[in-house]
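Numbering (the numbering used here), first residue to last: 20 to 333.
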């Protein structure tokens with residue numbers, strides 16, 4: 020490291036660069052820089068080979084042409100398959116409409132036959148027996164009833180989705196558990212007959228959902244949902260004081276879901292379809308081995324032994 024030079028008295032001192040300053044200023048040896056410059060010159064003068072020789076513009080043009088060809092093939096295939104898909108879709112829609120019309124026709128025919136059976140039965144029975152049978156049908160849901168009651172209306176919240184971004188899609192919807200809770204609360208409030216959108220509820224009725232469809236006794240119902248109930252005059256007050264009504268009011272206030280209760284005069288609730296009941300039959304268990312006698316057999320000398328059904332009774 021060189022020492023600083025001293026000037027004449029009265030002049031400013033001049034410092035020469037030292038070794039450390041020069042090392043940080045030029046860290047690369049000049050020989051390495053010359054070698055790198057020589058390699059770059061040789062690469063520029065040598066002829067280019069392969070795809071690297073193509074200009075960047077040519078490569079971009081080839082890529083664009085290939086993408087355009089692929090899009091054209093995909094579009095043509097989509098257009099070619101569209102008639103088949105449209106035909107299959109229209110065929111399914113036609114079948115659905117035919118099945119719906121057939122179901123409505125059969126339902127109407129079943130109602131007419133049920134009324135005819137009721138008339139023939141009333142004509143065959145005495146007055147007291149027919150009246151008792153009608154009361155039993157009304158209480159079990161198998162007969163049409165009329166009377167004053169309450170209507171509870173539930174509807175989905177309005178759709179507030181943004182038209183551009185789609186934010187806010189999927190409004191709060193009425194769940195099958197909401198309908199179950201309302202129906203149970205009405206039963207507890209003293210309802211004698213309940214129907215959801217014209218579907219009469221019985222002791223074996225089910226309220227379920229399949230995807231976005233609501234099913235009452237496996238029959239689809241759509242919103243808005245009206246739960247109609249026939250019962251005493253105090254039914255509305257008891258229902259509105261129930262926990263389920265308070266919960267539904269809170270949900271409606273927080274989500275925008277529609278919930279309302281009103282009194283209705285002279286309601287008519289239709290009869291429920293005939294239930295398909297299954298009867299259990301006890302199986303006769305074999306007698307213990309070695310006895311040689313079956314219970315209740317004609318040849319047994321003693322009294323017949325009653326054998327309980329397999330699985331036990333209630």
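Note that CB positions come from ideal geometry on N, CA and C, so glycine has one too. Keep in mind the model is a prediction, meaning the values are calculated, not measured.
Using the C-alpha atoms, what's the distance from residue j back to residue i?
i, j, result
"residue 110", "residue 119", "14 Å"
"residue 247", "residue 300", "38 Å"
"residue 92", "residue 112", "30 Å"
"residue 237", "residue 94", "42 Å"
"residue 194", "residue 204", "16 Å"
"residue 243", "residue 216", "9 Å"
"residue 136", "residue 143", "10 Å"
"residue 55", "residue 84", "39 Å"
"residue 134", "residue 108", "39 Å"
"residue 100", "residue 280", "52 Å"
"residue 50", "residue 78", "38 Å"
Reducing DSSP to helix, strand and coil, say where residue i ends up.
i, result
"residue 156", "helix"
"residue 223", "coil"
"residue 271", "helix"
"residue 122", "helix"
"residue 245", "strand"
"residue 283", "strand"
"residue 49", "helix"
"residue 239", "strand"
"residue 110", "helix"
Under the rule that 16 or more other beta-carbon atoms within 10 Å means buried, what is residue i, buried or exposed?
i, result
"residue 276", "buried"
"residue 295", "exposed"
"residue 146", "exposed"
"residue 189", "Residue placement at residue 189 cannot be trusted, given a pLDDT of 48 that sits under 50; the coordinates are not used to answer."
"residue 76", "exposed"
"residue 90", "exposed"
"residue 218", "buried"
Below 8 Å on the Cβ atoms is my contact criterion, and I expect residue i with residue j to pass it. Report the Cβ-Cβ distance as a whole number of Å.
i, j, result
"residue 162", "residue 153", "6 Å"
"residue 160", "residue 220", "6 Å"
"residue 132", "residue 212", "Contact doesn't hold; Cβ gap of about 22 Å is too wide."
"residue 286", "residue 226", "The pair is not a contact, with the Cβ atoms about 20 Å apart (cut-off 8 Å)."
"residue 208", "residue 257", "4 Å"
"residue 169", "residue 291", "19 Å between Cβ atoms; not a contact."
"residue 267", "residue 175", "Not really, about 13 Å apart at Cβ, beyond 8 Å."
Per DSSP, residue i forms a beta bridge with which residues?
i, result
"residue 259", "BP columns for residue 259 are empty, so no partner."
"residue 214", "219 and 247"
"residue 133", "Residue 133 is not bridged to any residue."
"residue 375", "The chain is shown only over 20 to 333; residue 375 falls outside these bounds and no answer can be derived."
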